[in-house]
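Heads up: the sequence lines are chains A and B, in that order. Residue 1 is where the first sequence starts when you use my numbering, and the numbers rise one by one after that. Residue 1 is where the second sequence starts when you use my numbering, and the numbers rise one by one after that. Here the structure is laid out as C-alpha cells; the discussion comes afterwards.
2 protein chains.
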Amino acid sequence: MKKQEKKQVKELESLGLKLVQDIEKGRNPTMEFTLRSLSNIVFDERTKTLSLGKKQQQRSFFNVGHAKKFMQTLEVAKVSKNLIDVQKHASLRDVFYMAKRTIPNSNTNIVDEQAESDNAIEDLELITDCSREQMHINANKMGSVAGNVVVEDAGDSINWSKLGSGGWSIPSNVEDIEFKSVKAKYVIYMEKQAVWERLHEDKFWEKQNCLIVTSQGQTTRGIRRLLQRLNDEHDLPIYVLADFDPWGFYIYSVLKFGSINLAHMSETMTLQNARFLGITADDVTNYDLKKHFIKLKDVDYTRLKQMADYDWFAKHKAWQRQFKMMKDFGAKLEIQALSSKGITFISEKYLPDKIKKGEFLE
Amino acid sequence: MKKQEKKQVKELESLGLKLVQDIEKGRNPTMEFTLRSLSNIVFDERTKTLSLGKKQQQRSFFNVGHAKKFMQTLEVAKVSKNLIDVQKHASLRDVFYMAKRTIPNSNTNIVDEQAESDNAIEDLELITDCSREQMHINANKMGSVAGNVVVEDAGDSINWSKLGSGGWSIPSNVEDIEFKSVKAKYVIYMEKQAVWERLHEDKFWEKQNCLIVTSQGQTTRGIRRLLQRLNDEHDLPIYVLADFDPWGFYIYSVLKFGSINLAHMSETMTLQNARFLGITADDVTNYDLKKHFIKLKDVDYTRLKQMADYDWFAKHKAWQRQFKMMKDFGAKLEIQALSSKGITFISEKYLPDKIKKGEFLE
Numbered sequence: 001m002k003k004q005e006k007k008q009v010k011e012l013e014s015l016g017l018k019l020v021q022d023i024e025k026g027r028n029p030t031m032e033f034t035l036r037s038l039s040n041i042v043f044d045e046r047t048k049t050l051s052l053g054k055k056q057q058q059r060s061f062f063n064v065g066h067a068k069k070f071m072q073t074l075e076v077a078k079v080s081k082n083l084i085d086v087q088k089h090a091s092l093r094d095v096f097y098m099a100k101r102t103i104p105n106s107n108t109n110i111v112d113e114q115a116e117s118d119n120a121i122e123d124l125e126l127i128t129d130c131s132r133e134q135m136h137i138n139a140n141k142m143g144s145v146a147g148n149v150v151v152e153d154a155g156d157s158i159n160w161s162k163l164g165s166g167g168w169s170i171p172s173n174v175e176d177i178e179f180k181s182v183k184a185k186y187v188i189y190m191e192k193q194a195v196w197e198r199l200h201e202d203k204f205w206e207k208q209n210c211l212i213v214t215s216q217g218q219t220t221r222g223i224r225r226l227l228q229r230l231n232d233e234h235d236l237p238i239y240v241l242a243d244f245d246p247w248g249f250y251i252y253s254v255l256k257f258g259s260i261n262l263a264h265m266s267e268t269m270t271l272q273n274a275r276f277l278g279i280t281a282d283d284v285t286n287y288d289l290k291k292h293f294i295k296l297k298d299v300d301y302t303r304l305k306q307m308a309d310y311d312w313f314a315k316h317k318a319w320q321r322q323f324k325m326m327k328d329f330g331a332k333l334e335i336q337a338l339s340s341k342g343i344t345f346i347s348e349k350y351l352p353d354k355i356k357k358g359e360f361l362e
Numbered sequence: 001m002k003k004q005e006k007k008q009v010k011e012l013e014s015l016g017l018k019l020v021q022d023i024e025k026g027r028n029p030t031m032e033f034t035l036r037s038l039s040n041i042v043f044d045e046r047t048k049t050l051s052l053g054k055k056q057q058q059r060s061f062f063n064v065g066h067a068k069k070f071m072q073t074l075e076v077a078k079v080s081k082n083l084i085d086v087q088k089h090a091s092l093r094d095v096f097y098m099a100k101r102t103i104p105n106s107n108t109n110i111v112d113e114q115a116e117s118d119n120a121i122e123d124l125e126l127i128t129d130c131s132r133e134q135m136h137i138n139a140n141k142m143g144s145v146a147g148n149v150v151v152e153d154a155g156d157s158i159n160w161s162k163l164g165s166g167g168w169s170i171p172s173n174v175e176d177i178e179f180k181s182v183k184a185k186y187v188i189y190m191e192k193q194a195v196w197e198r199l200h201e202d203k204f205w206e207k208q209n210c211l212i213v214t215s216q217g218q219t220t221r222g223i224r225r226l227l228q229r230l231n232d233e234h235d236l237p238i239y240v241l242a243d244f245d246p247w248g249f250y251i252y253s254v255l256k257f258g259s260i261n262l263a264h265m266s267e268t269m270t271l272q273n274a275r276f277l278g279i280t281a282d283d284v285t286n287y288d289l290k291k292h293f294i295k296l297k298d299v300d301y302t303r304l305k306q307m308a309d310y311d312w313f314a315k316h317k318a319w320q321r322q323f324k325m326m327k328d329f330g331a332k333l334e335i336q337a338l339s340s341k342g343i344t345f346i347s348e349k350y351l352p353d354k355i356k357k358g359e360f361l362e
C-alpha cells in the first residue's frame with residue numbers, strides 16, 4: 001500500500017472509530033465537516049480561487065433529516081476502504097451500483113440515484129481530506145498528451161515522445177503516475193482534439209520544447225490534476241488555448257479559479273498561474289479573422305454577462321475589455337478559423353509569435 | 001509519398017484532367033458518381049450491409065442547380081490534393097475554414113456551413129473511391145486501446161501492452177499504422193471508458209489474451225477502421241460490449257450493418273462478423289440484475305420499434321426476442337450494474353463465462 005493510501009485508510013478508520021466511540025458513550029453518532037453549499041462558497045482573494053468558507057455542518061444518525069445521508073456517507077466510506085484494501089479502482093457509476101443495495105428487512109435502497117453517492121463521495125473528500133482519486137474512485141477518462149516526458153505508471157515506463165500520432169491516453173486517475181524525466185518549458189492545454197492533432201503532426205512540442213495536452217470539451221479531473229502536477233512539481237507554466245467564445249473563456253475560468261462544484265477541492269484542482277493564450281479579441285483584428293465570425297446567441301450573451309460579473313473577472317480590466325469587445329462584435333470565433341490562413345499557420349506563426357511576445361491574458 | 005497516396009493523387013488528377021478535357025472540347029464540365037441519397041440506399045443481402053444502389057448522378061458546371069456544389073467539390077479536391085502534397089492532415093472543421101474563401105469580385109463564399117464541405121468530401125470519396133482518411137482529412141479523435149500488439153506509427157514503435165493505466169490514445173486516422181506484432185485471440189470493443197479502465201486494471205487483456213478498445217459514446221471512424229483492420233488483416237473476432245438499451249443495440253447495429261450516412265463506405269467501415277456479447281435480456285435474468293432496471297422512456301420505445309423494423313433485424317429471431325423482452329421489461333440496464341456483484345465480477349466471471357460458452361448475438 002502506498003503512503004497516500006495508508007493516510008486515506010487511516011482517515012477512514014478514524015471516522016469509523018469516532019462513530020463507534022459515540023455509540024459506546026451513548027452519544028448520537030455524528031460526523032462534522034465543512035458546509036458544502038452555495039452559502040459557504042467564497043472567492044478567496046489570497047489564493048484567487050473559489051473555496052469553501054468556515055461554516056461547519058453536522059450529520060447525525062438519530063436525526064430524521066440526516067439519517068439517510070449519514071448511512072450513504074458510511075456506505076461509500078466502506079466501498080472506498082474496500083477498493084483500497086483490494087487495490088482496485090472504480091468509477092463513480094460503479095460506486096453507485098455498489099452502494100445501491102437494499103437495507104435488510106426493508107424496501108429501501110441505500111442510494112437510488114447516482115447524485116446521492118456522488119454527494120456522499122464529495123462529503124467524504126472533506127471529512128477525510130483526501131481526494132476522490134485517492135479514495136480509488138475515478139470519473140471519466142479523456143484526452144491525450146505528447147512531449148518529452150517519461151513517466152512510470154502501473155509498472156510501465158512510458159515515453160510521451162514516442163507514441164506515434166495517437167499520444168498517451170490520459171487515465172482518469174493520475175495520482176500514481178511518477179514523473180521520471182520532464183524536458184519542457186511549458187504546457188499548452190487545448191480544448192479541441194483536432195487542434196492537438198494539428199500541433200502533434202507539426203511536431204510543435206518538439207520544435208518548441210513544450211508539452212501538448214487535450215481533452216475534448218470539459219476538462220476532466222484527471223487532466224486538471226495532470227496539469228496541476230506538471231505545474232506544481234515541475235514548474236511548468238500552463239497556457240490555455242480555446243475558442244474565442246464565452247465557453248472557451250469559461251473553461252479557462254474553471255481551470256484557473258475553480259468552480260462551485262469543486263470549491264472543496266480548490267487546492268488540488270485549480271491552476272492559479274494558468275494563462276490564456278488565445279483566441280482573443282485582439283487576435284481577431286490582428287489576424288484579420290472577422291470573416292469567420294459566428295453570431296452570438298442569447299445563451300452566449302447570458303454566459304458572457306455572468307462571467308463579466310464574476311468576482312475574479314469583475315475587477316480585471318484586460319478581461320472586461322475582452323468581454324466588451326466580444327459583445328461589440330456580437331460574435332465569437334473558433335480556433336480552427338486559423339486554418340483559413342494555411343494548414344500550419346497555427347503551429348508555425350500564431351503560437352510561436354504569441355508566446356514569444358508574451359501575449360497572454362492572466 | 002505512400003502507394004495509397006499516389007492512388008489518391010492520381011484519382012484527383014484524373015478528375016481535374018477530365019474536366020479540362022470537357023472544357024477544351026466545348027462540353028459542359030461534368031462529374032458523374034453514384035447517387036448518395038436515401039432513394040439509393042439499399043440493404044445488400046449478400047454483404048449484409050447498408051450500401052448504395054446503382055443509381056448515378058451528374059454534377060455540371062453550367063447548371064444553376066449544380067454550379068455551387070460543383071465548385072465546392074472542386075475546392076475540396078484542391079484542399080485534399082494540397083494536404084497530400086505537403087504531407088499534412090486536417091480535420092473536417094479545418095477543411096471547412098480552408099474552403100470558406102470569398103470568390104474574387106463577389107460577396108459569395110465557396111462554403112458557408114461545414115455541412116457543405118462535409119458533403120463535398122463525401123462526394124469526393126465516391127468520385128475518387130478513396131476514403132476521407134486517405135485524402136488526409138480526419139474527424140474526431142477518441143478512445144484508447146490496450147493489449148499485446150506492437151504497431152509502427154509516425155516513426156515510433158508503440159507497444160500497446162506497455163502503456164500504464166492510460167493505454168494508447170487512438171488517432172483519428174489509423175490508415176498509416178503498421179501492425180508489427182499482434183498477439184491476441186479476439187477484440188472486445190466497449191462503449192464506456194470506465195468499463196475499459198475496469199478491464200485494464202484487472203489485466204483482462206493479458207489474462208484472456210485479447211485486445212480491449214473503447215471510445216466514449218459514438219464510435220468514431222478511426223476506431224471503426226482500427227477494428228476493421230484488426231478483423232481483416234489479423235482475423236480477430238470483434239465482440240461488442242454495451243448497455244442493454246436501445247442505444248447500446250444501435251451502436252452494434254451501426255458497427256455491423258452500417259448506417260445511412262456511411263452507406264457509401266460500407267466496404268471499409270462495417271464489421272460484418274462482429275458479435276454482440278452483452279448486456280442481453282438473458283443476462284438480466286441469469287445474473288439477477290432486475291433490481292438495477294432503468295425505466296424505458298418514450299424515446300427508448302421509439303428507437304426500439306425502429307430497430308425491430310430494420311431489414312437486418314426484422315427476420316432475426318434472436319434479436320426480435322431481445323427487443324420483445326426489453327419491451328416486456330419496460331426497462332433497460334447499464335453494463336455497470338454488474339459492479340453490484342463485486343468490483344471484478346465483470347472481468348473474472350461475467351466475460352470469461354460468456355465467451356467460454358459462446359453466448360453471443362450475431
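Quick reminder that beta carbons are idealized off the backbone N, C-alpha and C, glycines included.
- Of the candidates A:Asp232, A:Ala263, A:Leu289, A:Lys81, the residue whose Cα lies closest to the Cα of Ala274 (chain A) is A:Asp232.
- A buried status is given to Ile177 (chain A), since no fewer than 16 other beta-carbon atoms sit within 10 Å of its beta-carbon.
- Interface criterion not met: the Cβ of Glu133 (chain A) is under 8 Å from no Cβ in chain B.
- Judged by DSSP in its simplified three-state form, Gly278 (chain A) adopts strand.
- In terms of beta-carbon proximity, Trp160 (chain A) stays away from the interface with chain B, with every pair separated by 8 Å or more.
- Within chain B, no residue has its CB atom less than 7 Å from the CB of Asp245 (chain A), the nearest being about 14 Å off.
- Our two residues, Met71 (chain B) and Leu126 (chain B), have alpha carbons roughly 16 Å apart in a direct line.
- Contact between Val195 (chain B) and Val213 (chain B) fails: their C-beta atoms lie close to 11 Å from each other, not under 8 Å.
- DSSP links Arg59 (chain B) through a beta bridge to B:Met31.
- By the neighbour-count criterion, in which 16 or more other beta carbons inside 10 Å mark a residue as buried, Leu289 (chain A) falls on the buried side.
- The three-state reading of DSSP puts Leu255 (chain B) in helix, counting H, G and I together.
- Residue pairing by DSSP places Glu178 (chain A) opposite A:Glu152 in a beta bridge.
- Note that the segment 57-67 of chain B does not touch the segment 79-91 of chain B; fewer than 3 beta-carbon pairs, one per stretch, sit closer than 8 Å.
- If you ignore the 5 residues before and after Asp123 (chain B), its C-beta comes within less than 6 Å of the C-beta of Thr73, all in its own chain and listed in chain order.
- Taking every protein chain shown into account, the CB of Thr270 (chain A) has 16 or more other CB atoms within 10 angstroms, so this residue is buried.
- Within the segment 51-117 of chain B, the complete beta strand (DSSP E) segments of 3 residues or longer fall at 56-60, listed in chain order.
- For Thr285 (chain A), not one C-beta of chain B is nearer than 8 Å to its own C-beta.
- Secondary structure note for Tyr189 (chain A): it is in no alpha helix (DSSP H), and the uninterrupted beta strand (DSSP E) holding it is 186-190.
- Residues of the segment 199-210 of chain A whose Cβ lies closer than 7 Å to any Cβ of chain B, in chain order: Glu201.
- Taking a cut-off of 8 Å for Cβ pairs, the segment 333-347 of chain B and the segment 292-301 of chain B touch, as three or more such pairs fall below it.
- Not flagged as an interface residue toward chain A: Arg225 (chain B), since no C-beta distance is shorter than 8 Å.
- For Leu241 (chain A), the three-state secondary structure derived from DSSP is strand.
- Ala263 (chain B) is not a Cβ neighbour of Leu15 (chain B), given a cutoff of 8 Å.
- The Cβ of Gly217 (chain A) sits no closer than 8 Å to any Cβ of chain B.
- Taking the beta carbon of Leu12 (chain A) as reference, no residue of chain B falls within 7 Å; the closest one sits roughly 17 Å away.
- Rounded to the nearest angstrom, the gap between the Cα atoms of Ala67 (chain A) and Arg59 (chain A) is 8 Å.
- Pairing Thr108 (chain B) with Arg229 (chain B), the inter-Cα distance amounts to about 42 Å.
- DSSP, reduced to helix, strand and coil, places Thr47 (chain A) outside both helices and strands of the structure shown, so it counts as coil.
- The beta carbon of Pro352 (chain A) sits no closer than 8 Å to any beta carbon of chain B.
- Contact between Ile170 (chain B) and Met142 (chain B) holds: their C-beta atoms lie close to 7 Å from each other, under 8 Å.
- Within chain A, Val86, Lys88 have C-beta atoms less than 9 Å from the C-beta of Thr344 (chain B), given in sequence order.
- Within the DSSP bridge table, the entry for Thr214 (chain B) names B:Ser144, B:Met190 as partners.
- Using a 10 angstroms sphere on the CB of Ala90 (chain B), the tally of other CB atoms reaches 16 or more, which defines it as buried.
- No Cβ-Cβ contact shorter than 8 Å links Asp153 (chain A) with Gly167 (chain B).
- At a beta-carbon threshold of 8 Å, none of the residues of chain B lie near Ile103 (chain A); the nearest stands roughly 13 Å away.
- Counting only Cβ-Cβ distances below 8 Å, Gly278 (chain A) has no contacts in chain B at all, with the closest Cβ about 16 Å away.
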